[in-house]
Amino acid sequence: MELNAISIGFVVFSIFTLGGGFGVVTTRNLFQGTIWLMVSLFGVAGYFILLSAPFLAAVQILVYIGAIAILIIFAVMLTRSVARIKERYIRILPSFIASLALFLILLLGVTIPIFGAHSPESIPEYVASTRNLGTALVDENGFVVPFLLASVLLTAAMIGAIFIARDENA
Amino acid sequence: MVPLWMYLAVAAALFSIGVFGVLARRNAVAILMSVELMLNAVNINLVAFWRYSETGTDLLLNGYAFTAFVLIVAAAEAAVGLAIIITVYRNRRSVIPEEAATLKG
Amino acid sequence: MEELCTGLCSVLAESGADAGLALFLSLLVGVLLVSGVPLITVILLIWIERKVAARIQDRIGPNRVGPVGLLQTIADMIKLLSKEDITPTAADRVLYNAAPLVSFASVVLIWAVIPFTPFHYGVDLEIGALYFVAIASFGTLAIMAAGWASNNKYALLGAFRVVALLVSYEVPLVFALLLPVMLAGSMSLLDIVNAQTGMWFIVLSPLAFVIFYISSQAETGRAPFDLIEAESELVAGFNIEYSGMKFGMFFAAEFLHVFTNGIIMAILFFGGWLGPLYYESPLIAFAWLGAKGGLIYLTTLWLRNTVPRLRIDQIMAFNWKFLVPLSIANLIAVSFALKLLQELGWAPRDLLSASFGELLPTTVILLIINGAMILYLLGVLRERGREARRESHDPRAAIANVGAAAD
């Protein structure tokens, strides 16, 4: 791995992603946890840029930082989660061992080519652009059915969320 | 160029952190946040595989489009999940999933 | 900006610098130039805003420091910098200090994609318009963090209200933004300007401009949506605990955001740098963009100083019951009409290379559709206004209303 803009970016975004992730699971204060989550997801958006998917990066920031962060903060405030919970963890040791074991297995899986797969030596020069994605999403041979289903899912989720969270007394 | 396995390793680490959060945290909001971490680890993998796969002549879009759909599902999941958490809190004054066990036999 | 960077890069490389270092340094100069424009502009903007507000309110405005008060902002900055920097004892220190920085950065970062002239821009992103929306969401998070980190109930309540306002008005903003993107067939701001060579998008979709204008007025927290600084209700709002330069950064971010939105509207709807003789010199092109953006900016100042503040429930009802349905209907109607015209062969497939003559039938038909929608809306608004007036004149109806509200 030679030293260039992409590798420096990779290291920086890795620190963001993993550091933010650690923050989410360790912090006592859930408001700070939300901010850590956003740091982590910002790092993921950076990865998307490194992997030449700028559209996904922008959508990631728009959806997570613009919408889900606000949603989580409102939920944290409405459930008074910042002040009330005293213990952070249950069954901390088994969970830690389980997740560590999972990580080691996954790491072995991606580094040792036991499944016969080889790591590609080079990356393709040409990649699909945002325009290609847009065309494919409404192409009948592409993703038009999942696209329509996704919009139905979003509408259903919106109506469901409003219906569930609605206070009948108010 | 950054080798593919490095992206996969970071995604694996992020996924494991998310698993730890889901298993160990008590607060339902924190569990939901850990689930978001896991979904994003999957997204890193999808985009990385998409970027590194040999395309030949025509352009591949599967990984790109699939990631977009995962984002949509994540947004829907967060909205409904948080709505449920708020309702449970309103009824039981608790955000700890273990305490909402009325249906347990 | 690109040619300047590559030029500087080659000069540095020839003088014996390491190639990577030369590239880094020239990119750094480019970044400093692009981010320097808004930083210098904001000093002037504050003066303009105060002068205009003063004239509207029949005052003179700042006139002591420097010629016609031009240096007043510098004096204010020195005052703010020399003030005591207070952090509340129970505040979350990191978030408290980071919030103003993020708030200001979220505005300055928008300037990275703004094309000043056909050749001078920070970067030409494929997703420029989406970037503009995404970056703005950092500002929302910064306000939330500021309100929470201050550990003050007024700050938190203020932040809640503002964030609810900002998140709501983002919906019509994005729907209105989609129209220029759709007309140009590209999210790159450079392409959007180039696509307006034949016809400005304000003519093709005036309703989208009105929606964008109203919701960006709300996004910047200006009257009649200025809940951000509702002194009379919430002491001050989310920034109540801030003092000195940290307060100044929120302040500057707001002022710069208004002007930035003016420039963005000039790019999206008024053809950016396009105007007579723009191809002669980059300076003329830049002047056109500045003039258009400045005019829109002046109208927002005018609005700010003449309309009263709305209540939060009125603002929300206006957004969700009026603006959002309107923006969706507008998007569907215009996109349907455009596609139909293209299928009939009356409209060019690609606006990027279409001339004025080719666009004339499209323009007329889209104008008729927009005009019909505006007329219908005005009718609906008049009906609603009449109803409200009738109720307020009829004492029994007013009492019934109060009773209904109490339930």
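Chains as they are written, first to last, in this note's numbering: chain E, 1 to 170; chain F, 171 to 275; chain G, 276 to 682. Each residue gets a CB set at the ideal place from its N, CA and C atoms; glycine is no exception.
When the Cα atoms are used, what is the spatial distance from residue i to residue j?
i         : j         : result
Ala297(G) : Leu307(G) : 15 Å
Asp682(G) : Ala663(G) : Confidence is the limiting factor: at Asp682(G) the pLDDT is only 48, short of 50, which leaves the residue's position unreliable and the question unanswerable from this model.
Tyr259(F) : Leu71(E)  : 16 Å
Ile477(G) : Phe484(G) : 6 Å
Leu3(E)   : Arg262(F) : 55 Å
Val235(F) : Asn213(F) : Reading off the sequence shown, one finds Ala at residue 235(F), where the question assumed Val. Their backbone Cα atoms lie some 11 Å apart in a straight line.
Leu345(G) : Leu319(G) : 8 Å
Val312(G) : Ser223(F) : 42 Å
Ala271(F) : Val265(F) : 12 Å
Leu576(G) : Trp322(G) : 12 Å
Ile256(F) : Asp167(E) : 10 Å
Ala210(F) : Pro337(G) : Looking at the sequence itself, residue 210(F) is Asn, so the reference to Ala does not match. When rounded, the distance between both Cα atoms is 52 Å.
Leu598(G) : Met591(G) : 10 Å
Leu314(G) : Lys521(G) : 16 Å
Leu149(E) : Asn141(E) : 15 Å
Ala5(E)   : Phe185(F) : 26 Å
Tyr396(G) : Phe31(E)  : 38 Å
Val152(E) : Ala165(E) : 20 Å
Arg334(G) : Val317(G) : 22 Å
Leu653(G) : Leu642(G) : 16 Å
Leu531(G) : Ser518(G) : 19 Å
Tyr371(G) : Ala424(G) : 5 Å
Gly568(G) : Phe631(G) : 23 Å
Met77(E)  : Ala157(E) : 22 Å
Report the neighbours of residue i on chain G: residues whose CB is nearer than 7 Å to its CB, in chain order.
i         : result
Ser129(E) : Glu401
Ile245(E) : Missing from the structure shown is residue 245(E); chain E here goes from 1 to 170 and no further.
Ala58(E)  : Ile402, Leu405, Tyr406 and Ala409
Going along chain F in order, which residues have a C-beta closer than 7 Å to the C-beta of residue i?
i         : result
Phe22(E)  : Ile187
Leu51(E)  : Val217, Ala218 and Arg221
Phe16(E)  : Simply none; closest approach about 11 Å.
Leu102(E) : Ser186 and Val189
Ile159(E) : What Ile159(E) touches in chain F: nothing, since even the nearest Cβ is about 10 Å away.
Determine, using beta carbons only, whether residue i and residue j come nearer to each other than 8 Å.
i         : j         : result
Ala404(G) : Phe513(G) : no
Asn427(G) : Ile515(G) : yes
Ile249(F) : Ala161(E) : This sequence places Ala at residue 249(F); Ile is not what is there. Against a cut-off of 8 Å, the Cβ pair of Ala161(E) and Ala249(F) comes out as a contact.
Pro623(G) : Phe544(G) : no
Ile389(G) : Leu464(G) : yes
Ile242(F) : Leu154(E) : yes
Phe450(G) : Ser602(G) : yes
Phe391(G) : Leu564(G) : yes
Trp220(F) : Val110(E) : no
Leu452(G) : Phe413(G) : no
Leu230(F) : Leu133(E) : no
Ala194(F) : Ile92(E)  : yes
Arg584(G) : Pro499(G) : yes
Could you name the residues of chain G that residue i contacts, counting a contact when the two beta carbons are closer than 9 Å?
i         : result
Pro54(E)  : Leu400, Glu401, Ile402, Leu405 and Tyr406
Ala156(E) : Neighbours of Ala156(E) on chain G: none; closest Cβ ~18 Å, over 9 Å.
Flag residue i as yes when its Cβ comes closer than 7 Å to any non-hydrogen atom of the ligand FMN, and as no otherwise.
i         : result
Leu482(G) : Only the bare structure without any ligand can be found here, which leaves the ligand FMN out of the picture.
How would you list, in chain order, the residues of chain E whose beta-carbon sits under 7 Å from the beta-carbon of residue i?
i         : result
Ser412(G) : Ile61, Leu62, Ile65 and Gly66
Ala200(F) : Leu30 and Gly33
Leu416(G) : Met38, Ile65 and Ala69
Trp423(G) : Phe31
What residues of chain E sit near residue i, judged by a beta carbon separation below 9 Å?
i         : result
Leu458(G) : Correct list: empty, because the minimum Cβ distance to chain E is about 15 Å.
What residues of chain F sit near residue i, judged by a beta carbon separation below 9 Å?
i         : result
Phe10(E)  : Val172, Met176, Tyr177 and Val180
Phe96(E)  : Phe190, Leu193 and Ala194
Asn132(E) : Leu229, Leu231 and Tyr234
Can you pull the chain E neighbours of residue i, defined as C-beta to C-beta under 8 Å?
i         : result
Glu445(G) : Gly66
Touching by the beta-carbon criterion (3+ pairs, under 8 Å), the segment 466-480 of chain G and the segment 436-450 of chain G | no
For the 8 Å Cβ check, are there 3 or more pairs between the segment 349-360 of chain G and the segment 486-497 of chain G?
-> no
What alpha helix (DSSP H) runs, 4 residues minimum, are completely inside the segment 171-255 of chain F?
-> 174-194 and 198-222
When the Cβ atoms of the segment 525-542 of chain G are set against those of the segment 373-392 of chain G, are three or more pairs found closer than 8 Å?
-> yes
Segment contact flag, the segment 356-375 of chain G with the segment 411-425 of chain G, C-beta cutoff 8 Å, min 3 pairs | yes
Check whether the segment 172-191 of chain F touches the segment 13-25 of chain E, taking contact to mean three or more Cβ pairs, one atom from each stretch, closer than 8 Å.
-> yes
Spell out a yes or no on whether the segment 188-196 of chain F and the segment 96-111 of chain E are touching, meaning 3 or more CB-CB pairs, one atom from each, closer than 8 Å.
-> yes
Mind pulling the beta strand (DSSP E) runs of 3 or more residues that sit fully within the segment 553-611 of chain G?
-> none
If you pair each beta-carbon of the segment 558-577 of chain G with each one of the segment 405-413 of chain G, do three or more pairs fall below 8 Å?
-> no
Sequence ranges, alpha helix (DSSP H) only - wholly within the segment 42-107 of chain E, length at least 4 = 54-60, 69-78 and 81-84
Residue ranges of each alpha helix (DSSP H) run of no fewer than 4 residues wholly in the segment 620-675 of chain G, ordered along the chain?
-> 631-668
For the segment 471-547 of chain G, which segments carrying the alpha helix (DSSP H) assignment without a break, of at least 4 residues, lie completely within its bounds, in sequence order?
-> As far as the segment 471-547 of chain G is concerned, its whole alpha helix (DSSP H) runs of at least 4 residues are 476-479, 481-494, 506-509 and 519-544.
Just list the beta strand (DSSP E) runs in the segment 376-416 of chain G, keeping only unbroken ones of 3 residues or longer that don't cross its boundaries, in chain order.
-> As far as the segment 376-416 of chain G is concerned, it has no whole beta strand (DSSP E) run of at least 3 residues.
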